[in-house]
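Following: one structure in structure tokens, then a few remarks.
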Amino acid sequence: GENVEQHPSTLSVQEGDSAVIKCTYSDSASNYFPWYKQELGKRPQLIIDIRSNVGEKKDQRIAVTLNKTAKHFSLHITETQPEDSAVYFCAPGSGSARQLTFGSGTQLTVLP
Amino acid sequence: NAGVTQTPKFQVLKTGQSMTLQCAQDMNHEYMSWYRQDPGMGLRLIHYSVGAGITDQGEVPNGYNVSRSTTEDFPLRLLSAAPSQTSVYFCASSWTGEGNEQFFGPGTRLTVL
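From first to last, the protein sequence lines stand for chains A and B. Convert by adding 133 to the 1-based position in the first sequence; the result is the number in my numbering. Convert by adding 10 to the 1-based position in the second sequence; the result is the number in my numbering.
Right under this line is the structure:
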């Protein structure tokens, strides 16, 4: 099965700084690379995703970059705000089976 | 649209009891799945379904059964609850095909004593 590692497990940044979270995976068949945000006591929600034929995708302050050769993809958040504080999960998936394998999560804290 | 709904929100069971967690979606999604989330961990896939009448096992299926008689509903049954099944359970749904967002329900917090 897929092995997914996410680093760091905790990350504290000052408001306005950037944050980067990295996800490595083992299955070369993975072709879908989403990032989910989960606030305390809430459900996970998709914030950005990328497919294997694209190297980078941006959505306002959030971006995802993919290196398929090295089997890793990263979440980049610029100009962080206190409301960005949450747990972020990567969840690489493959094919039409829709199976996602979640990383263990990164607790991001944005300090005012 | 209500999206993905789950009932109950909270449940306390005694060891050995059985129960069914309910999940429903009104988006006509083919794919539905159940995950469990333990403290400090990511979500682990229990069972999934790619359409009515079709189910398959995920990473941690032992102790759980599912069925998919309709597109809308995907109940999760705990046959004989154990303390190790204390967790938060999330149901999710999506269209099939590559790269389609999975929508999660609000979760059920289950405690087994």
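Note that beta-carbon positions come from the ideal geometry of N, C-alpha and C, so glycine has one too.
What is the DSSP secondary structure of residue 167/A, reduced to helix, strand or coil? In the first sequence, counting from the first residue as 1, residue 167/A sits at position 34. Residue state, collapsed to three classes: strand.
With 16 other Cβ atoms within 10 Å as the buried cut-off, status of residue 67/B: The residue labelled residue 67/B in the question sits at position 57 within the second sequence. The residue is exposed, with fewer than 16 neighbouring Cβ atoms inside 10 Å.
Does the beta carbon of residue 217/A fall short of 6 Å from some heavy atom of the ligand ZN? This structure lacks the ligand ZN; in fact it carries no ligand of any kind.
Can you name, in chain order, every residue of its own chain whose Cβ lies under 8 Å from the Cβ of residue 144/A, other than the five neighbours on each side? As a first step, residue 144/A must be located in the first sequence, where it is residue number 11. Excluding residues within five positions, the ones whose Cβ falls inside 8 Å are 152, 154, 239, 240, 241 and 242.
Which residue from 237/A, 245/A and 244/A puts its Cα closest to that of residue 156/A? Here residue 156/A is taken as the residue at index 23 of the first sequence, counted from 1. Cα-wise, what sits closest to residue 156/A is 237/A.
Neighbour list for residue 235/A in chain B, Cβ cutoff strictly below 9 Å: In the first sequence, counting from the first residue as 1, residue 235/A sits at position 102. Here the neighbours are 45, 47, 51, 52, 53, 54 and 55.
So residue 222/A contacts chain B; which residues on that side make the cut at Cβ distance below 9 Å? Taking the first residue of the first sequence as position 1, residue 222/A is located at position 89. Those within 9 Å of residue 222/A in chain B are 52 and 53.
Cross-strand partners of residue 17/B (DSSP beta bridge): Taking the first residue of the second sequence as position 1, residue 17/B is located at position 7. For residue 17/B, which the question treats as bridged, DSSP gives the partners 32/B.
Within a Cβ cutoff of 6 Å, which residues of the same chain sit near residue 249/A, ignoring the five residues on either side of it in sequence? No answer is possible for residue 249/A: the residues shown for chain A start at 134 and end at 245.
Got a sec? Which residues, its chain only, sit under 8 Å from residue 105/B by beta carbon, not counting five neighbours each side? Taking the second sequence and counting its residues from 1, one reaches residue 105/B at position 95. Same-chain partners within the cutoff: 39, 40 and 41.
Using the Cα positions of residue 194/A and residue 23/B, report the straight-line distance between them to the nearest angstrom. In the first sequence, the residue the question calls residue 194/A occupies position 61. In the second sequence, the residue the question calls residue 23/B occupies position 13. Approximately 44 Å, taken between the alpha carbons.
Would you verify that the beta carbon of residue 114/B is, or is not, closer than 7 Å to some beta carbon of chain A? Taking the second sequence and counting its residues from 1, one reaches residue 114/B at position 104. It does: the Cβ of residue 114/B has a partner Cβ on chain A nearer than 7 Å.
Ignore the nearest five residues each way along the sequence and tell me which others in residue 164/A's own chain have a CB closer than 6 Å to its CB. Within the first sequence, numbered from 1, the residue matching residue 164/A stands at position 31. Around residue 164/A: 185 and 227.
What does the alpha-carbon distance come out to for the pair residue 71/B and residue 17/B? In the second sequence, the residue the question calls residue 71/B occupies position 61. In the second sequence, the residue the question calls residue 17/B occupies position 7. Going from the Cα of residue 71/B to the Cα of residue 17/B covers about 20 Å.
Neighbourhood of residue 188/A by C-beta distance below 7 Å, restricted to the same chain and skipping five residues each side: Along the first sequence, one-based indexing puts residue 188/A at 55. Correct list, in chain order: 198 and 199.
Counting only C-beta atoms, is residue 188/A closer than 7 Å to chain B at any point? Counting from one through the first sequence, the residue named residue 188/A turns up at place 55. It does not; no Cβ of chain B falls within 7 Å.
Name the chain A residues that come within less than 7 Å of residue 117/B, Cβ to Cβ? Locating residue 117/B in the second sequence gives position 107, counting from the first residue. Chain A residues near residue 117/B: 176.
So, at 6 Å on beta carbons, what are the nonlocal neighbours of residue 76/B in its own chain, with the 5 sequence-adjacent residues on each side left out? Indexing the second sequence from 1 puts residue 76/B at position 66. 57, 65 and 86, listed in sequence order.
Quick one: what does DSSP say residue 150/A is sitting in, helix, strand or coil? Mapped onto the first sequence, residue 150/A falls at position 17. Three-state DSSP puts residue 150/A in coil, outside helix and strand.
Through-space distance from residue 43/B to residue 19/B, alpha-carbon basis: Walking along the second sequence from the start, residue 19/B turns up at place 9. Walking along the second sequence from the start, residue 43/B turns up at place 33. Each residue's Cα considered, the two are about 17 Å apart.
Tell me which residue opens and which closes the beta strand (DSSP E) that residue 192/A is part of. Along the first sequence, one-based indexing puts residue 192/A at 59. First-last of the beta strand (DSSP E) with residue 192/A: 189 to 192.
Let me know the beta strand (DSSP E) ranges lying completely inside the region 41 to 91 of chain B, each 3 residues or longer, listed in chain order. 41 to 47, 53 to 61, 64 to 67, 74 to 76 and 86 to 88
Run through the DSSP bridge pairs and tell me what residue 155/A is partnered with. On the first sequence, residue 155/A is found 22 positions in, with the first residue counted as 1. For residue 155/A, which the question treats as bridged, DSSP gives the partners 140/A and 207/A.
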